[in-house]
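Asks:
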Amino acid sequence: MSPRISVAGKVAVVTGGASGIGAATAAALAAKGAHVVILDRADSTQAADALPHANGNRHLGLRADVTDSASLESAVAAVIDEYGCIDIVVANAGVAEAGTVAVTPIDALARTVEVNLIGVIRTVHATLLHVIDQRGHILLVSSAAALKNVPGGSAYAASKAGVEWFGGSLRLEVAHKGVSVGVAHPAWIRTPMYAAQDRIDAVREGIQRLPWPFNVVTDVDDCAAAFVAGIENRSRKIYVPAALAAVDKVRGVFTGRLWDIAVGLRASSTVPALEREVSALRATEPA
Numbered sequence: 001m002s003p004r005i006s007v008a009g010k011v012a013v014v015t016g017g018a019s020g021i022g023a024a025t026a027a028a029l030a031a032k033g034a035h036v037v038i039l040d041r042a043d044s045t046q047a048a049d050a051l052p053h054a055n056g057n058r059h060l061g062l063r064a065d066v067t068d069s070a071s072l073e074s075a076v077a078a079v080i081d082e083y084g085c086i087d088i089v090v091a092n093a094g095v096a097e098a099g100t101v102a103v104t105p106i107d108a109l110a111r112t113v114e115v116n117l118i119g120v121i122r123t124v125h126a127t128l129l130h131v132i133d134q135r136g137h138i139l140l141v142s143s144a145a146a147l148k149n150v151p152g153g154s155a156y157a158a159s160k161a162g163v164e165w166f167g168g169s170l171r172l173e174v175a176h177k178g179v180s181v182g183v184a185h186p187a188w189i190r191t192p193m194y195a196a197q198d199r200i201d202a203v204r205e206g207i208q209r210l211p212w213p214f215n216v217v218t219d220v221d222d223c224a225a226a227f228v229a230g231i232e233n234r235s236r237k238i239y240v241p242a243a244l245a246a247v248d249k250v251r252g253v254f255t256g257r258l259w260d261i262a263v264g265l266r267a268s269s270t271v272p273a274l275e276r277e278v279s280a281l282r283a284t285e286p287a
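Going by UniProt numbering, 108 is the number at position 108 of the sequence shown; the sequence numbering is gapless.
As structure tokens, this is what we get:
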């Protein structure tokens, strides 16, 4: 097993780091003395400037799109020019959209997979050799959605399950090179993404009906603290809330036939309600 990491003085790259879980994780790493590089499609200069400083660390905000390898490679080259190395990568950038396959445009479904899964693969590919040089750590952000089957998030669950299995194989490919790979499974985290989902009545009610701990909503700073602790310990898995670790051991219960029956009893009413509400909201959006 690789030795524990002190993040102080390490160069940490966080994708999707201008908001949400990424921003909170970037801040938590910075507070511990890491040099943090925020990669985001949005202008991340202000987000980087706002990061805390400790032990003389310095931060950088760069534009990069995880769906564009050339964009990522350009950003990575800028990181190497500035710092000379990359020790830690947090592949966090992601999107989510409520709705069933029947009422969600195919481009939106495909984009969810392109950002959440293919974007993680592109991020790892662009940074991996540098992380190998440092015998560093890669954290891939999956989701509690990978541990269960529920209607209303098919492409999202598929993308996050793909992240988990990609991470599992990657871990075995690079362990002998001194690199550790962690996969995070957060449930509901108080972020702008969660707020967008929570404003949909059918989604909010669906969250409330989920069994514990799938229905737990965690503050974003607590999630970030768990991520950083997982990085420091080179943890194989990170669960937010921690009770999801027990769920993972019996995930067959939440993906099996009896679960299908239990969820299916409500689906005949909850799915149409979700489809009506999502369709109505989409009709009000500008073209």
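Just so you know, even glycine gets a beta-carbon here, dropped at the ideal spot from N, CA and C.
Which whole-angstrom value is the C-beta distance of D40 and A54, which I expect to be below 8 Å?
Replies: Within the sequence shown, the letter at position 40 stands for residue 40. Within the sequence shown, the letter at position 54 stands for residue 54. No, D40 and A54 are not in contact; Cβ-Cβ is about 22 Å, not under 8 Å.
Asks: Rounded to a whole number of angstroms, what is the C-alpha to C-alpha distance between V174 and G33?
Replies: In the sequence shown, the residue the question calls residue 174 occupies position 174. In the sequence shown, the residue the question calls residue 33 occupies position 33. Taking the straight line joining both Cα atoms gives about 26 Å.
Asks: Which of the three DSSP states is assigned to K148 in this structure?
Replies: Walking along the sequence shown from the start, residue 148 turns up at place 148. Note: K148 maps to coil in three-state DSSP.
Asks: Alpha carbon to alpha carbon, how far is T112 from A145? Give it in angstroms, no decimals.
Replies: In the sequence shown, the residue the question calls residue 145 occupies position 145. In the sequence shown, the residue the question calls residue 112 occupies position 112. Computed Cα separation, rounded: 13 Å.
Asks: Please report the residue range of the alpha helix (DSSP H) in which P272 lies.
Replies: Along the sequence shown, read from residue 1 onward, the residue named residue 272 stands at position 272. Segment 257–284, the alpha helix (DSSP H) holding P272.
Asks: Quick check: the Cα distance between F214 and S279, rounded to an integer number of angstroms?
Replies: As a first step, residue 214 is located in the sequence shown; it is residue number 214 there, counting from the start. As a first step, residue 279 is located in the sequence shown; it is residue number 279 there, counting from the start. Roughly 26 Å separates the two Cα atoms.
Asks: Helix, strand or coil: how does DSSP classify A78 here?
Replies: One-based indexing of the sequence shown puts residue 78 at position 78. Helix at A78.
Asks: With distances taken between CB atoms, is the gap from V115 to V101 smaller than 7 Å?
Replies: For the purposes of this step, residue 115 is taken as residue 115 along the sequence shown, with counting starting at 1. For the purposes of this step, residue 101 is taken as residue 101 along the sequence shown, with counting starting at 1. Result no, Cβ atoms of V115 and V101 do not sit closer than 7 Å.
Asks: For T123, which of helix, strand or coil comes out of DSSP?
Replies: Residue mapping note: residue 123 aligns to position 123 of the sequence shown, counting from 1. Helix at T123.
Asks: Quick check on the burial criterion: 16 or more other C-beta atoms within 10 angstroms. Buried or exposed for L128?
Replies: The residue given as residue 128 occupies position 128 in the sequence shown. So L128 counts as buried.
Asks: Between the Cα of E232 and the Cα atoms of T15, L139, D65, which residue gives the shortest distance?
Replies: Walking along the sequence shown from the start, residue 232 turns up at place 232. Of the listed residues, the one whose Cα sits closest to E232 is L139.
Asks: Would you mind sorting D81 into buried or exposed? The rule is 16 or more other CB atoms within 10 Å of its CB.
Replies: The residue given as residue 81 occupies position 81 in the sequence shown. Classification of D81: exposed, given that the 10 Å Cβ count is below 16.
Asks: Contact between the region 185–199 and the region 70–85 is defined here as three or more beta-carbon pairs at a separation below 8 Å; is this criterion met?
Replies: No: the two stretches stay apart, fewer than three of their Cβ pairs being nearer than 8 Å.
Asks: For G230, which residues in the same chain have their Cβ closer than 6 Å to its Cβ, ignoring the five residues on either side in sequence?
Replies: What you label residue 230 is simply residue 230 of the sequence shown in a count that begins at 1. Answer for G230: G182, I238, listed in chain order.
Asks: Using alpha carbons as the reference points, say which of G99, R122, N149 lies closest to W259.
Replies: Position 259 of the sequence shown holds residue 259. Nearest option by C-alpha distance: N149.
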